[in-house]
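Protein chains in written order, with our numbering: chain Z, 1 to 455; chain A, 1001 to 1455; chain Y, 2001 to 2455; chain V, 3001 to 3455.
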């Protein structure tokens, strides 16, 4: 009727667009867990008999085993994970299965299952970020004084150390962990017992169910409980920001691997080559991490668009919340694990870094600072003098610390030979000992801080 | 080492993040087609022997059959669809298989396969949009003079006809079809023969391959051929715009189905109910169509983010182009088919529409227009008078066309009984006979236009 | 050369694309504040003389006054707010002005200014959200037992109270406040002293500057300090999520204002009418709030795209961070204030709500629950019986609580007259007394909780 | 009442959120043009008198002059550009001004004004893209055989020419021009005469107005005319795709300017330096172009989100369409002009490019191709042999074309001295003479094609 794959008529299309089992079967473990908490509460509150509750619990155990063994048959005509499990339960234990759904609705059920899943995803992200931080910290420890160029505008600006650079990412990923932790805390409330949208007349004990599921408390408003997905959106926001931080490191790895830089190498484990071009050591994993940022940002936009302007309480649009989150979580977790692997495997090429750091008068700022500190020049004037010296160095084709003193003095007569010690790359790095600066002593101070935090 | 699913060490993660076969096996048909065009050209150009070419073609046929029969084993360690097929070819026909890859690279191969796929997706979208337009046109024909309220700000503004409303969407979807057609035309160039990025020394015939694949011509620049994905982004833009048009109709269906409006009903085929609440006829399909807009917009953002700032020519980030497009295409095609189904199934409730159209003095503008046309008032003054009459009608609790003439004359002495004929809802609709207006005669004129276009 | 507005040649275009003063002059107050903290520290550390510091401070005071008086001339050729102020300082106090920039760089300066601004934006959002919560709470108190339909799929599902509905949003906005608070805490670190990217050789006291600016501590890594904008992205994420919550309420207001629902009215202060259609009371403010969600989500995507794949440390792309945040903050603050105004002004129409709540057998679930609780039926069977009763009620054209008992008994013989008290809308609402349910007693319990929280 | 800037009470907020004059005053020229077309038609159709029409036209002329002279006072309490102009017209010519709004509404008026503006934006984008293509073509002509490395994964893969690389972008920008042209054609229909949403009873001539405004025809459906903004969304999609193409070139410029590559230099006109670091030649303009991609993509998401799920016909949310488009257009036009400036100013450093192209055995593929072509090896076997030769070259620390023949023969005995001519970088480039390949002869062929297209 409308051609192609939709030839089977309206009812078929309706089933096709409506079914979510291919997606939400990933909630099976959470659904079983929430059903157990629910039926145990129903029995404790004498809403169902102990015998029925036990039959239901045994049936849920059997289903769990069937799923684990790959014997459970997910059926699309049963639409979603909730009905698949409930229907199988009825096959296994008979009419008592029908008592499980007392005082609940698919609306609070799916909200609970999904919250459980997202809360676990926050914990997984945290664990993977911790591994990545540790890998970065290990590199920082080894390379606390390995000198490389610090870039602005991808132009060498001032020398820094590779350890210092690694610690910048340790900081970023610490904030990412904070965002996942805050999201997990904020979503740590149980929707279960909100029923369809208004609560239930049965004397349920929501507090008990919340505890059983490890939630801090039940949600205070039943409409909010079934209608809100901001917890999932917050997870996606944290994931998107984290993936952007990852993408920056990934971009740098791609640059550093390019022969133009040659700052790092990877073992074969993290390199894809070409059977014909052995010089090609492609940083595919870094490129994929960079690319997956698009997926995660796209997922945020996807769910944000779905939720925008949605009247309370439940609408079927919300079914789109799960692919958004599942796909983003898969991409993020893969990216974090791959990045931790890369940062462990990565071999900094100190010589290439050092050479790049020395090119192009990177200590010109040090000269200006010396003029301020020793000759009392206002900074703007010092800048001007240093610029003139750099220009003269270029004319003489000499590095700054080899420009003869008398050349300098034709520009600023008060200059003395005391200036030379500050003009080497090493001196420059060592001098930046302000808190948080790149001087190896400062870098080691921060390493000590992080070593304590990360163990 | 990094816990959980990534316990197997770096090489395992590298494989996991790198493999794309789960996604790109959807390109199998396109890959086989492009390989056939390639090897036939190689033979014609005497780059491979006729015998080798025939062996390769037979092998490709066998592989096609294996895939069709579900006997082909897709292997993740072979990374992608191209290597899976090439590797199976080698098993089937031996070393001659190695000649297939002469004068090509995975870079031009995947660009070609993907273009073929996206071009087909454009054609599928067009066909589905045509069906949807036809369903809308059929409703418009039946309801060319079924009166309903025209809304602004979701407030009834002026009466229109349901047929007129349906035709508004016929127009929108026509533009959507135009966008897919333009995209298909713009991408109708063959990348095949660009090789890795620079072309090839072999005397290939790109024109011939382009023709064999139904492309208008070969692409003019080999770097562009392997690096560009704007064709996929343009498809996603067209899909996103189309899905937004769909979401507007879906929103209206959800509103119209609500008892507050009660403007339309669906048969059971397009309604999900509730075993307990028979009054509930949930418009799930419309909500899902509305929700899937998020998916498609998210896919656009996903691919746009991936491409942003990517240096030429090929980078592995580009592997993320396919999930973005496949997921969006699935969502779009399902939405279009479901919407065509809904628009066919939909039963307008003329009485409820008519009643809503008459409430709230919807012909006040007609009164003002009469004052301009018959009494020569400037429009702004006419507006003012009509407002006063409406206010008086509210005080008297009467519809406009029942307000006594003398009441009107206390407001504007020159008014005459000639005004009454213009104040009925039917008169209002019939009067709007300007080109493109809602008068049934105008609506029928446009129906005739579209009937011709859509057959 | 490239026509139109770019006729003046390259240098002109360079200036035009480079200048940010039109945008970043909004950072003037923050820039002055950070400069004061910087120069006071320089003096305390004896890096500049007390006399120079005092001259600088006096100059900064003068500039502040000039800006407040509208006498300060912002000049595009001076590029940004930092150089505009520094240049004016030099005019006012002479060469000593050049000492202000000792031991700092525009890189840490702009990072500090911007953080100060975004931290304040978090506080403003919190204050506006609090006002909105109070307005919602006031409505909830007045309407704790005003009955309205609770919707799923925009179909009436079960009756709830308007107070309960308002409290759902109080909960959502509480989480929004939590997100802004968490963001503010996470960004509460001072970049000042990071200098260009590597720290500085001057013996600065970053702790002191951090304190002076009200930051909890200095940032631990100078590269991170100048390169990171995740604080701004987190603000935008919180703003986007908040705006989506706002858009849901805005959508409901638009629906409720439509005569089809007629659930609420606004005074003239929040209505735009039409001089001719007095029935038209357009909820423009709600529509604008809904529309501005697009702006804020767009800003998140904007900054996320800018940051993606940006190598450390500073790149000029970062200049785009400020329009993203300023525009989103303006849209959010306007939306929050408008929504608080609307929620204060809004007049629920209890009669229309009550009437809509009673239509369509909304207590069918109550009947099913009674069958479970009183007759011990499994829920699934109870659902089935209730469905049959509802069908019979429709045939008899009666509301559920008017169906004769014998009619019910033909469906389920064990039913008794005890069922009738549960079938009224009021009984339904009162019965849903589970924690967080819609029973007025529960609603009042939550009102009491929030009254304490919000004062 | 809600603190801070919103202290003045509801009415004030309502005005603040409602007013759009600060944004839409950019439509003044279009509004005047559409009003002229409208009133001339009204007079021709005798709906207004010739005298009134002339008075109105004179008044509109006066207003145009006032705006041009900066004497026109835009007033926020008059909300938008339409009411500002109409109100001023009344001041200038008295009550006849009230006749201008006969048979039209702000709904069709703003749709018309905005379409006119967006259609012009398409033309501006096209003109700027043409200039950019010309600048690229000029570079391609000068550097048709300047050898540089062709990259995949940012690793040198095979040598190409800079001219070839430039032409890749000429192709991309040609497709961008096609997208703007298609969008302009699709939007080339006049909404004027649709009135509020339903057409008008006045005997207007929409065809005449369409012609007067340079539109191909009037829109066929009045609801579609006032409700649709897909034309603006399509413009934004084209702009977003174009900006992504720009961002790729911008990224390359940033890379090429880095001393690590050193492939290009700019004159001072396109470089920002630092007074102290003369080696720093920051490619700020390229970074800004790259950053502005975020703005444009954000604008697309903004408008897409606004339109999603919006019921017909007009809703106030649509007011957000204009900032989205204006901001994106500004960003795009600035980026295009800056990029054209950069591409004209850019000085390729042929020596650095050539040196980078020769490093790392970039002709290994040529060796493999030779083995296929001359020795009849299957490509996969040829790959394997070439890999072994490359490995041996690395051990001997020799470029491929200096590896002694006997060394090669220990790997593949059939090799002959004929292989050497294909192993130089120049030979490699020259050999890739397949259509669209990088051989200078091919590049010149495409230059000739484009020279004809672009003049």
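Every residue gets a Cβ at the ideal spot worked out from N, C-alpha and C, and that includes glycine.
Exposure label - residue i; buried when at least 16 CB within 10 Å
| i | result |
| --- | --- |
| residue 230 (chain Z) | buried |
| residue 1224 (chain A) | buried |
| residue 189 (chain Z) | buried |
| residue 1191 (chain A) | buried |
| residue 2406 (chain Y) | exposed |
| residue 1402 (chain A) | exposed |
| residue 3251 (chain V) | buried |
| residue 1417 (chain A) | exposed |
| residue 2318 (chain Y) | buried |
Neighbourhood of residue i by C-beta, 7 Å cutoff - its chain only, sequence neighbours within 5 removed
| i | result |
| --- | --- |
| residue 1324 (chain A) | 1236, 1299, 1302, 1303 |
| residue 3052 (chain V) | 3096, 3099 |
| residue 2026 (chain Y) | 2326 |
Contacting residues, own chain, Cβ-Cβ under 8 Å from residue i (five flanking each side not counted)
| i | result |
| --- | --- |
| residue 2275 (chain Y) | Below a pLDDT of 50, predicted positions are generally treated as unreliable, and residue 2275 (chain Y), at 49, falls in that range; the measurement from the model is reported next regardless. Closer than 8 Å at the Cβ level, and outside the excluded window around residue 2275 (chain Y), lies no residue. |
| residue 273 (chain Z) | 280, 281, 282 |
| residue 3383 (chain V) | 3368 |
Contacts around residue i, its chain only, beta-carbon distance under 6 Å, and the 5 residues preceding and following it disregarded
| i | result |
| --- | --- |
| residue 3357 (chain V) | 3147, 3148, 3149, 3159, 3425 |
| residue 2169 (chain Y) | 2136, 2249 |
| residue 1004 (chain A) | Residue confidence for residue 1004 (chain A) is low, a pLDDT of 42 falling below 50, so the modelled location carries little weight and cannot support an answer. |
| residue 2488 (chain Y) | The structure shown does not extend to residue 2488 (chain Y), since chain Y is modelled only from 2001 through 2455, so no value can be given for it. |
| residue 92 (chain Z) | 59, 62 |
Contact test: residue i Cβ vs the ligand ZN heavy atom, cutoff 7 Å
| i | result |
| --- | --- |
| residue 1214 (chain A) | The ligand ZN is absent from the structure shown, which contains no ligand whatsoever. |
Run through the stretch 1165-1243 of chain A for me and flag every whole alpha helix (DSSP H) of 4 or more residues, listed as ranges in chain order.
For the alpha helix (DSSP H) assignment, the uninterrupted runs of no fewer than 4 residues enclosed by the stretch 1165-1243 of chain A are, from N- to C-terminal side, 1206-1212, 1222-1227.
Of all the alpha helix (DSSP H) runs that stay within the bounds of the stretch 3358-3416 of chain V, which reach a length of 4 or more residues?
If we require 4 residues or more, the alpha helix (DSSP H) runs fully inside the stretch 3358-3416 of chain V come out as 3364-3375, 3379-3396, 3405-3411.
Counting only Cβ-Cβ distances shorter than 8 Å, please list the residues of the stretch 3299-3312 of chain V near chain Z, keeping chain order.
Those residues of the stretch 3299-3312 of chain V that come within reach of chain Z (Cβ to Cβ, closer than 8 Å) are 3301, 3304, 3305, 3308, 3309.
In chain order, which alpha helix (DSSP H) runs of at least 4 residues are fully inside the stretch 1068-1131 of chain A?
If only complete runs of 4 or more residues are kept, the stretch 1068-1131 of chain A shows the alpha helix (DSSP H) at 1081-1093, in order along the chain.
Is there contact between the stretch 1128-1144 of chain A and the stretch 3193-3204 of chain V, where contact requires at least three CB pairs shorter than 8 Å?
Contact between the stretch 1128-1144 of chain A and the stretch 3193-3204 of chain V is absent, with fewer than three C-beta pairs closer than 8 Å.
Quick check: the stretch 3171-3181 of chain V against the stretch 1333-1346 of chain A, are at least 3 beta-carbon pairs closer than 8 Å?
Cβ pair count under 8 Å is below three, so no.
Does the structure place the stretch 357-373 of chain Z close enough to the stretch 283-295 of chain Z that three or more beta carbon pairs sit under 8 Å?
The answer is no - the stretch 357-373 of chain Z does not touch the stretch 283-295 of chain Z, with fewer than three Cβ pairs under 8 Å.
The stretch 3363-3382 of chain V in contact with the stretch 1197-1216 of chain A per 3-pair CB rule at 8 Å
A contact between stretches requires three or more CB pairs, one per stretch, nearer than 8 Å, and the stretch 3363-3382 of chain V meets this requirement with the stretch 1197-1216 of chain A.
Beta carbons nearer than 8 Å to chain Z: which residues of the stretch 2430-2442 of chain Y have them?
Of all residues in the stretch 2430-2442 of chain Y, 2431, 2432, 2433, 2434, 2435, 2436, 2437, 2438, 2439, 2442 have a Cβ within less than 8 Å of some Cβ in chain Z.
If we count Cβ pairs, one from each stretch, closer than 8 Å, do we get three or more for the stretch 3071-3078 of chain V versus the stretch 3015-3034 of chain V?
Output reads yes: the stretch 3015-3034 of chain V touches the stretch 3071-3078 of chain V.
Using a Cβ distance threshold of 8 Å, determine whether the stretch 3378-3392 of chain V contacts the stretch 3406-3420 of chain V, with at least three qualifying pairs required.
Contact holds: three or more Cβ-Cβ distances are below 8 Å.
Relative to chain V, which residues along the stretch 2283-2294 of chain Y have a C-beta separation below 9 Å, given in chain order?
Flagged, chain order: 2283, 2284, 2285, 2286, 2287, 2288, 2289, 2290, 2291, 2292, 2293, 2294.
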